[in-house]
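Residue numbers (the working numbering): 59 to 454.
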């Protein structure tokens, strides 16, 4: 009797899972040694303690919601400077035209949320108007409606660019913009430039690309053997779809193997050996909160992403292109390509930095971002000097 399609899918998923397991074994070897010496109950209590006491991710602003063109609710927050409403008040009282303030808009990466910019958000509070938003299906934003139901389609980077435009129209309808994007967030900015070039030329006065790529992500090896990565890459989209269809079952499995995934998350997020455990747990919590069906819906977009040509739209504005030198997800060579295509780009490669470099080396990222804001005219140099506070002063 022939094999049913569902049985075949799950069998292929099993084969792929085994292949992924073999590839991950080397990455997880160090994790396993640690797990042999520390009891599981102790590790669980440690995670709960870090969740309770960690100061990261608690910053909140004025909430807002924008409705995407497919009716998905996109959540954002605005951090205003104290006198940010003064120009509007003067216009109402005296009819004078006052320039709108510069707004710095932060876009986060895959499987993260707006809180991934915790350090930079804390440092800029009171100095410049900022907007932090959650990409569709992430954080407090709604599940992407285009990605649900019988006619569901995978997310595209182009779709995310349209989402960003929707948020900008609601949260920053006027005034200059500085756009900051990490990983998928940087790709989102490229998609915005590709679809709305005139808008970008008129409004955007600076851009920061952090740990991102303009394309060719299919060549990334993630620090693993090329042959094995290529084999897994061919079957992984189908495997993720199959897993996404059994989300509840998969989530139970993820919880049961939390220790292993914590080690893998740390390996692919950070390069430093002395990352604050509370920061590492904070990153882990963001990533593990992303449902498997969301992981599946977004994954195919990265293989298709190619926005190198769109960077030309940004050729006349100051750009920061920054990456960690040991980023295994979007290698620093991809950031070097971005900088090479933009004549006014500052290239910064952070030593001993991984993919979540803005959490791992917040001072380095925040300092360079402050420099960009000065170059873009968003803040005076005297104000930017106050951004370099000690990390303990910026936890909010």
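Even glycine gets a Cβ: it sits at the ideal position worked out from N, Cα and C. Everything numeric in this text was worked out from a predicted model, so none of it was measured.
Based on the DSSP output, what are the partners of residue 378 in its beta bridges?
By one-based count along the chain shown, residue 378 stands at place 320. Beta-bridge pairing links residue 378 to 266 and 404.
Excluding sequence positions up to five away, which residues of its chain have a Cβ less than 7 Å from the Cβ of residue 117?
Along the chain shown, one-based indexing puts residue 117 at 59. Same-chain partners within the cutoff: 176, 179, 180 and 454.
Within 8 Å, do at least three Cβ pairs link the region 419–432 to the region 360–372?
no
Could you say which of 343, 342 and 261 lies nearest to residue 227 if we only look at CA atoms?
Locating residue 227 in the chain shown gives position 169, counting from the first residue. Ranking 343, 342 and 261 by Cα distance to residue 227 puts 261 first.
Ignoring anything shorter than 4 residues or poking outside the region 170–233, list the alpha helix (DSSP H) runs there in chain order.
176–182 and 215–229
Pull up the distance between the alpha-carbon of residue 400 and that of residue 374, whole angstroms please.
Counted from its first residue, the chain shown places residue 400 at position 342. Counted from its first residue, the chain shown places residue 374 at position 316. Approximately 8 Å, taken between the alpha carbons.
May I have the straight-line CA-CA distance separating residue 259 from residue 234, to the nearest angstrom?
Taking the chain shown and counting its residues from 1, the one referred to as residue 259 is at position 201. Taking the chain shown and counting its residues from 1, the one referred to as residue 234 is at position 176. Taking the straight line joining both Cα atoms gives about 10 Å.
Run the CB neighbour count on residue 409, radius 10 Å, all protein chains shown included, and call it buried at 16 or more, exposed below.
Numbered from its first residue, the chain shown carries residue 409 at position 351. Exposed, since its Cβ has fewer than 16 Cβ neighbours within 10 Å.
Rounded to whole angstroms, what's the CA-CA distance from residue 348 to residue 196? Just pull it up for me.
Start at 1 with the first residue of the chain shown, and residue 348 comes out as number 290. Start at 1 with the first residue of the chain shown, and residue 196 comes out as number 138. Spanning the two alpha carbons is a distance of roughly 7 Å.
What does the alpha-carbon distance come out to for the pair residue 420 and residue 413?
Counted from its first residue, the chain shown places residue 420 at position 362. Counted from its first residue, the chain shown places residue 413 at position 355. Whole-angstrom Cα-Cα distance: 12 Å.
Can you give the beta carbon distance from residue 276 to residue 361, rounded, assuming they're within the 8 Å contact cut?
In the chain shown, residue 276 corresponds to position 218, counting from 1. In the chain shown, residue 361 corresponds to position 303, counting from 1. Their Cβ separation, rounded to whole angstroms, is 5 Å, which keeps residue 276 and residue 361 in contact under 8 Å.
If you run the structure through DSSP and keep just helix, strand and coil, what is residue 100?
Taking the chain shown and counting its residues from 1, one reaches residue 100 at position 42. Interpretation of residue 100 is limited by its pLDDT of 46, a score under 50 that renders its predicted location unreliable; no figure is taken from the coordinates.
Residue 325 classed as buried or exposed, judged by whether at least 16 other C-beta atoms fall within 10 angstroms
Along the chain shown, read from residue 1 onward, the residue named residue 325 stands at position 267. So residue 325 ends up on the buried side.
Leaving out five residues before and five after residue 415 in sequence, what residues of the same chain have Cβ atoms less than 8 Å from its Cβ?
Translated into the one-based positions of the chain shown, residue 415 becomes position 357. For residue 415, where only same-chain residues beyond five positions count, the Cβ hits under 8 Å are 268, 269, 380, 381, 382, 385, 408, 422 and 423.
Report yes if the CB atom of residue 187 is closer than 9 Å to the CB atom of residue 160, and no otherwise.
If you number the chain shown from 1, residue 187 lands on position 129. If you number the chain shown from 1, residue 160 lands on position 102. A contact, by the Cβ cut-off of 9 Å.
So, using beta-carbon positions, are residue 359 and residue 212 closer together than 9 Å?
For this step, residue 359 is matched to residue 301 along the chain shown. For this step, residue 212 is matched to residue 154 along the chain shown. Yes, the pair counts as a contact, with Cβ atoms nearer than the cut-off.
Less than 6 Å between C-beta atoms, sequence neighbours within five positions excluded: which residues of the same chain meet that for residue 138?
Sequence index remark: in the chain shown, residue 138 carries index 80 (1-based). Here the set comprises 187.
Any idea what DSSP makes of residue 164, helix, strand or coil?
In the chain shown, the residue the question calls residue 164 occupies position 106. Residue 164: strand per DSSP, three-state reduction.
One question on the structure: do residue 173 and residue 344 come within less than 9 Å of each other, judged by their Cβ atoms?
Residue mapping note: residue 173 aligns to position 115 of the chain shown, counting from 1. Residue mapping note: residue 344 aligns to position 286 of the chain shown, counting from 1. Yes, they are a contact pair.
For residue 393, count the other beta carbons within 10 Å of its own beta carbon; 16 or more makes it buried, fewer makes it exposed. Which is it?
If you number the chain shown from 1, residue 393 lands on position 335. Counting Cβ neighbours within 10 Å, residue 393 comes out buried, since at least 16 surround it.
Can you check which of these residues, 239, 390, 403 and 417, is closest to residue 434 by C-alpha distance?
To locate residue 434, count along the chain shown from 1; it is residue 376. Comparing Cα positions, the closest option is 403.
Grab me the residues of residue 63's own chain with a C-beta within less than 8 Å of its C-beta, minus the 5 sequence neighbours each way, in chain order.
Numbered from its first residue, the chain shown carries residue 63 at position 5. Reliability fails at residue 63, whose pLDDT of 44 lies under 50, so the model's placement of it is uncertain and the value that follows must be treated cautiously. So no residue of the chain qualifies.
From 364, 207 and 342, residue whose alpha carbon lies closest to that of residue 214
One-based indexing of the chain shown puts residue 214 at position 156. Of the candidates 364, 207 and 342, the one whose C-alpha sits nearest the C-alpha of residue 214 is 364.
In whole angstroms, what separates the C-alpha of residue 355 from that of residue 208?
Residue mapping note: residue 355 aligns to position 297 of the chain shown, counting from 1. Residue mapping note: residue 208 aligns to position 150 of the chain shown, counting from 1. So the two alpha carbons sit approximately 14 Å from each other.
Quick one: give me the first and last residue of the alpha helix (DSSP H) that residue 130 is part of.
Position 72 of the chain shown, counting from 1, holds the residue named residue 130. It is not in any alpha helix (DSSP H) - residue 130 carries neither H nor E in the DSSP assignment.
Grab me the residues of residue 131's own chain with a C-beta within less than 7 Å of its C-beta, minus the 5 sequence neighbours each way, in chain order.
Translated into the one-based positions of the chain shown, residue 131 becomes position 73. Once the five neighbours on either side are set aside, the close Cβ partners of residue 131 are 123, 125, 199 and 200.
Should residue 436 and residue 236 be called a contact, given that it needs their Cβ atoms to be closer than 9 Å?
Looking up residue 436 in the chain shown gives position 378. Looking up residue 236 in the chain shown gives position 178. Yes, the Cβ-Cβ distance between residue 436 and residue 236 is below 9 Å.
Inter-residue spacing [alpha-carbon to alpha-carbon] between residue 230 and residue 444:
Position 172 of the chain shown, counting from 1, holds the residue named residue 230. Position 386 of the chain shown, counting from 1, holds the residue named residue 444. Looking at the two C-alpha atoms, the distance is approximately 25 Å.
Distance, residue 193 Cα to residue 163 Cα
Sequence index remark: in the chain shown, residue 163 carries index 105 (1-based). Sequence index remark: in the chain shown, residue 193 carries index 135 (1-based). Going by the C-alpha atoms only, they are around 13 Å apart.
Is the separation between the beta-carbon of residue 240 and that of residue 190 shorter than 9 Å?
The count along the chain shown starts at 1 and reaches residue 240 at position 182. The count along the chain shown starts at 1 and reaches residue 190 at position 132. The answer is no: Cβ separation not under 9 Å.
Determine the DSSP secondary structure at residue 438, reduced to helix, strand or coil.
Against the chain shown, residue 438 aligns to sequence position 380. Looking at residue 438 - three-state DSSP - the assignment turns out to be coil, as it is neither helix nor strand.
Our contact map puts residue 114 next to residue 338 with C-beta atoms below 8 Å; I'd like the distance itself, whole angstroms only.
For the purposes of this step, residue 114 is taken as the residue at position 56 of the chain shown. For the purposes of this step, residue 338 is taken as the residue at position 280 of the chain shown. In fact, because the Cβ distance is near 10 Å, the residues do not count as touching under 8 Å.
Might you give, ordered along the chain, the residues of its own chain that have their beta carbon closer than 7 Å to the beta carbon of residue 250, omitting 5 neighbours on each side?
Mapped onto the chain shown, residue 250 falls at position 192. Hits under 7 Å: 219, 222, 223 and 258.
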